[in-house]
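J.:
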Amino acid sequence: MAEWLTDNGLLLGLALLDGLAYAALVFMVAVGLNMVFGVLRIVNVAHGSLFAIGAYTAASVGIFFASLGLPAWASYVALLLAAALVGGILGPLIERLILRRIYGQEEVLQLLVTFALFMILEDVQKLIWGVQPIMQDTPMKFLGTVEVPFGEDTIPFTAYQLFVLPGVAVATLAGLAWFLRRTLTGRVIVAVTTDKEAAMAMGIDAAKVTLLTFTFGAALAALGGALASPTTSLVPGIGAQTIVLSFAVVATAGLGQIEGAAISALMIGLGRSIAVYLAPEFEVVVPYIIMVAVLLVRPQGLFGVLETRRV
Amino acid sequence: MSATDRALAAPPRTMRLPEALLAVLGAAALVLVAFLAPWLKFVLTVALAKGIAVLGILLLLRAGQVSFGHSMFLAVGAYTVAFLAPAVPEALLLLPLGALLAGILGLVIGLFVVRYRDIFFGMLNLALSMVLYSLLEKLYALTKGTDGIRVSGLTFAGITPDRETQEWVMFGLALVLAIGFGLLVRAYLASPMGRALAGIKTRETRLEFMGVSARRVLLFAYVMSAVMGGVGGTLVAMTTRHVTPQLAYWTSSGELVFIAILGGAGSALGPFLGATAFELVRVYAAAAVADAWQMILGGVLLAVILFAPGGLWGMLTSRLKGRGA
Amino acid sequence: MSAAVHGGPQDRGANRPRQATPLLSARGLRLAFGGVKAADGIDLDVMPGEFLAIIGPNGAGKTTFINMSTGYLKPQDGTITYDGQPIIGLSPRAIVRRGIGRSFQLPQLFTEHTVLENAALAIAAHAGIWSPFTPLLRRGYHDQAMALLDRFGLGPVAQSRADALNEGARKLADIAMAVALQPRLVLMDEPTSGVAAAEKMGIVETLVRVLRDTGVTAVFVEHDMDVVARFADRVAVWSQGRIAALGPPQQVLNDPAVLRDVIGIEASPPSGAGH
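If you want it as structure tokens, here you go:
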């Protein structure tokens, strides 16, 4: 047993650290998806594409900054700039031009409209950035690695994944909680989420709230992508991968749950990384197994509220 | 009645005759095209195969449910052929086998997913299809991963036809099955169970208060749709002679739903109309702009939903109705 | 009879055999939602063949009683027997199959189906819905459904989509679907609410005629005292989860305490009462 631990303990430790960083990224995407669903009542299949485009844009801006001879810390500006650009441009564009036309329509059609958007954005992404892998890891290299103490040993891990990713995720969670509970705009969003008709009857401008929420959700997805970009090489298909994973996180947590999304992101992130070390063939399956298992026991998700039908 | 209501509503009774007529005309047109443009035979066969799978999607749409994971049943049918063809090369045996296995999987998964509705129904199907996808991709020793499996030589009723004949046999088989399942679905949708299925969409509680289990009604439709997915999958595998995990990926399921809406959910003809249009656009768009065919398809889908919510079938019938009025 | 009643035992069942056993019998039903007592010791017997009206202010627990009797809600305490058998804990489906039908305050019709299909589906549900490939509107079901709709005066709208009907026709169709299941007891939740005043009496007359013809026992929640006075054999007055009064309409509807506390009328009793 002791031998097994010395052999595998470090791997497990690495899995935990990996899982934490991974959960942070997944949370960023899932929480945006969840907020958008809360207000628009639309599950945005193209949400993953915003993640992907955010990632590619961050890499491009980072490479561009480097070509200008800007210092390495500027690559962090590139990450933020990319998120703001993608969220600020694509968000309003998609909401105003397309989603606005399908509010209140059948779910099937809403899903398919965002599926169409997904198809379009996938090709837009391929047309702009091609299909060759792109790698821009300046932000990660800039901070170097840290020796994380683990028992008697230490595990080398990048400071970026150890501090920046979880840090941003926690800040997002705390910031969102504060924003939604303490600011007027936040409370309006909550009001619209809870009861759209009542909120509109109170004179809330629903059009403005949906625009704001969608833009914000898009920016969160793009920020997630931007943050992910230094840790992996970018290839076509990351958007499709990301969206199904965030579906799993959101469904596990329960629709509309923000803190819940953080916890289920952790469960799924850690579960996946542990699987990477224990049974790599099943790595990709783990998030869905977790989701199915949770929904079997709690059909409304871990933290979801059961909606009762009125007779 | 909103535009989208119309998209998913049952067809008015007066359309029955044109529907039968159009089915005959459509089948004749397909045969004609296959004769005149032999290179399209392959595309049309795949379209018919997918159309059968989309018929299954249509059943669930009638209940107001959308499965974003239904291509898993298509993949089960396809991999059944790929795995078993070396041992059992007989197509006429593989076909019911693929359907049976898909049906069994549909029953097992169905027992679980029919307890859920709307987004959760869609997402659970998606998650389960992703489990199958991941297994197909990762269990390399068994499935050769993303490389996929080449389907070995097939026999038809014991005969090994030459390539040209086999293409015709596959085309004919797909057409016959398409017509058969089309008729079956039409009969089912008009039956008490089919009409109860449509009731799930508008008033599920009433079903319960009539003493009818809505879950059982939905389960029957789900298994039926899984079987049709399996049949579509076996046909796809026999036609393309190559299967990959991509068949089970969620985007493939999205395509099936896409085709259902493109064709229009108002008629059992819609799926075939949609599948033919989809495959033709895909082939020609891919030839014209290799990197942007998906974008073109996405644009078509957006345009259909925003401007022609009844799908191609809806456009066709409103044209006919306009003339009749 | 253990119900808290205003009148004496001789009041009950004026036009029924005295020794008949109740069709539905509730004892000590209790159910609270948070602090609100929707049922606070309900004892009630529904006798075969009678028309029992339930009246009382909103929130008194009238619909809760129907929901408990049809398996939609489970009481925290108490028993309900139907035809001598306990039914608490059975699913709504199982209860329907035993012969208790219900209609809804908000009619529960298949909105995208025609009225005829709605009725035919209910008939099929009773006869056995599990035939996947023969048409719903094959001759038998079609004719039975038309006959049913004709009895409710809905023949002319048989081919209309259910969501195109006016409220009165919707209510009737809703009840027709319950009757199609050939129940022995029908529980109707506000069969005339939302119906135009002019239509109201016509609807109730149709209802009573059909139900009497089929010998169905009926319990209905009603706010219109004229309707109650004309059609109920007995009236149960609900108040804060309890039965405050129970008896023939001429007695209950003339009880000053009921008038004041429950119905909220200070003036004279409704015009129909007393005859």
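Residue numbers (my numbering), protein chains in the order written: chain X, 1 to 311; chain R, 312 to 636; chain L, 637 to 911. A virtual CB, placed ideally from N, CA and C, is assigned to each residue, including glycine.
Taking 7 Å as the limit between beta carbons, can you name the residues of its chain near Trp-561(R), skipping five residues before and five after?
T.: Excluding residues within five positions, the ones whose Cβ falls inside 7 Å are Phe-379, Gly-380, Leu-437, Ser-440 and Met-441.
J.: Inspect the beta-carbon positions of Gly-877(L) and Asp-676(L) and report whether they are closer than 7 Å.
T.: The answer is yes: Cβ separation under 7 Å.
J.: Looking at Gly-9(X) and the ligand PLP, is the gap between the Cβ and the nearest heavy atom below 6 Å?
T.: Ligands are entirely absent from the displayed structure, and the ligand PLP is therefore not among its contents.
J.: Should Thr-457(R) go down as buried or exposed, given a rule of 16 or more other Cβ atoms within 10 Å for buried?
T.: Result: exposed.
J.: Going by DSSP, what residue range makes up the beta strand (DSSP E) through Phe-856(L)?
T.: 853-857 is the extent of the beta strand (DSSP E) around Phe-856(L).
J.: Any residues in the segment 483-506 of chain R with a beta carbon nearer than 8 Å to a beta carbon of chain L? Which ones, in chain order?
T.: Per Cβ criterion, the list reads Leu-495, Ala-498, Tyr-499, Ala-501, Ser-502, Pro-503, Met-504, Gly-505 and Arg-506.
J.: Which residues in chain L sit within 9 Å of Ala-571(R), going by Cβ to Cβ distance?
T.: What Ala-571(R) touches in chain L: nothing, since even the nearest Cβ is about 18 Å away.
J.: Please determine, among Arg-820(L), Leu-801(L) and Val-846(L), the residue with the shortest C-alpha to C-alpha distance to Gln-744(L).
T.: Of the candidates Arg-820(L), Leu-801(L) and Val-846(L), the one whose C-alpha sits nearest the C-alpha of Gln-744(L) is Leu-801(L).
J.: Given that a residue counts as buried once 16 or more other Cβ atoms are within 10 Å of its Cβ, and exposed if not, what is Thr-315(R)?
T.: Caution is warranted here: a pLDDT of 41 is assigned to Thr-315(R), below 50, making its placement in the model unreliable, and the coordinate value is therefore given only provisionally. So Thr-315(R) counts as buried.
J.: Report the option in Ser-382(R), Arg-497(R) and Ala-498(R) whose CA atom is closest to the CA atom of Leu-443(R).
T.: Minimum Cα distance to Leu-443(R) is reached at Ser-382(R).
J.: Quick check on His-911(L): does DSSP put it in helix, strand or coil?
T.: For His-911(L), the predicted structure reports a pLDDT of 40, less than 50, and the residue's modelled location is therefore unreliable. A value from the coordinates is still provided. Note: His-911(L) maps to coil in three-state DSSP.
J.: Mind listing, in chain order, the continuous beta strand (DSSP E) runs of no fewer than 3 residues lying wholly within the segment 95-146 of chain X?
T.: None, since the segment 95-146 of chain X contains no complete beta strand (DSSP E) of that length.
J.: Helix, strand or coil: how does DSSP classify Gly-677(L) here?
T.: Reduced to three states, the DSSP call for Gly-677(L) is strand.
J.: Under 9 Å between beta-carbons, which chain R residues line up against Ala-832(L)? List them in chain order, please.
T.: By Cβ distance, chain R contributes nothing, its closest Cβ being about 24 Å from Ala-832(L), past 9 Å.
J.: If you measure beta-carbon to beta-carbon, which residues of the segment 743-757 of chain L are closer than 7 Å to chain R?
T.: Here the close residues are Gln-744, Leu-745, Phe-746, Thr-747, Glu-748, His-749, Glu-753 and Leu-757.
J.: May I ask which residues mark the beginning and end of the beta strand (DSSP E) holding Val-487(R)?
T.: Looking at the DSSP string, Val-487(R) is not in any beta strand (DSSP E); the run it does join, the alpha helix (DSSP H), is 474-501.
J.: In the structure shown, what three-state DSSP assignment does Arg-870(L) receive?
T.: In this structure, Arg-870(L) counts as strand in the three-state DSSP scheme.
J.: When the distance is taken between beta carbons, is Ala-261(X) closer than 7 Å to Val-330(X)?
T.: Here chain X comprises residues numbered 1 to 311, so residue 330(X) is not present and cannot be evaluated.
J.: Which stretch, first to last residue, makes up the alpha helix (DSSP H) that contains Leu-808(L)?
T.: Where Leu-808(L) is concerned, the enclosing alpha helix (DSSP H) stretches over 803-816.
J.: Is the Cβ of Leu-772(L) closer than 7 Å to any Cβ of chain R?
T.: Interface residue, yes.
J.: Tell me which residues share the same chain as Ala-21(X) and place their Cβ nearer than 6 Å to its Cβ, disregarding the 5 neighbours each side in the sequence.
T.: Cβ neighbours of Ala-21(X) beyond the five flanking positions: Gln-161 and Leu-165.
J.: Taking all protein chains shown into account, do 16 or more other C-beta atoms lie within 10 angstroms of the C-beta of Glu-147(X), making it buried, or fewer, making it exposed?
T.: Flag for Glu-147(X) reads exposed.
J.: Quick check: what's the CA-CA separation for Glu-281(X) versus Tyr-451(R)?
T.: Answer to the nearest angstrom: the Cα atoms are 9 Å apart.
J.: Kindly confirm or deny that the segment 386-400 of chain R and the segment 67-81 of chain X touch, where touching means at least three C-beta pairs closer than 8 Å.
T.: Short answer: they don't touch.
J.: Only counting the same chain, and skipping five residues up and downstream in sequence, which positions put a Cβ closer than 7 Å to that of Met-504(R)?
T.: The residues are Val-528 and Phe-531.
J.: Just the chain L side, please: which residues come within less than 7 Å of Glu-519(R) by C-beta, in chain order?
T.: By Cβ distance, chain L contributes Pro-728 and Arg-729.
J.: Starting from Thr-158(X), trace the alpha helix (DSSP H) both ways and give me its first and last residue.
T.: No alpha helix (DSSP H) contains Thr-158(X), which is instead part of the beta strand (DSSP E) from 153-158.
J.: Under 7 Å Cβ-Cβ, which residues of chain R neighbour Val-732(L)?
T.: Those are Phe-520, Met-521 and Gly-522, listed as they occur along chain R.
J.: Compare the Cα-Cα distances from Val-384(X) to each of Tyr-56(X), Ala-206(X), Leu-12(X) and Thr-172(X) and report the closest residue.
T.: Any property of residue 384(X) remains undetermined from this structure, which presents chain X solely from 1 to 311.
J.: I need the boundaries of the beta strand (DSSP E) containing Leu-881(L), first residue and last residue.
T.: Here residue 881(L) turns out to be Ala, not Leu, going by the sequence shown. Segment 878-883, the beta strand (DSSP E) holding Ala-881(L).
J.: Taking 7 Å as the CB-CB limit, is Gly-380(R) close to chain L?
T.: Taking Cβ atoms only, chain L never reaches closer than 7 Å to Gly-380(R), which makes this a no.
J.: For Phe-394(R), which residues in chain L fall below 7 Å Cβ to Cβ?
T.: Those within 7 Å of Phe-394(R) in chain L number zero; the least Cβ separation is about 31 Å.
J.: For Thr-471(R), count neighbouring Cβ atoms within 10 angstroms of its own Cβ and tell me buried if that reaches 16, exposed if not.
T.: By the neighbour-count rule (16 or more Cβ atoms within 10 Å), Thr-471(R) is not buried but exposed.
J.: Once the 5 residues before and after Ala-509(R) are set aside, which same chain residues still bring their CB inside 6 Å of it?
T.: Closer than 6 Å at the Cβ level, and outside the excluded window around Ala-509(R), lie Arg-373.
J.: With distances taken between CB atoms, is the gap from Ser-264(X) to Ala-59(X) smaller than 7 Å?
T.: The answer is no: Cβ separation not under 7 Å.
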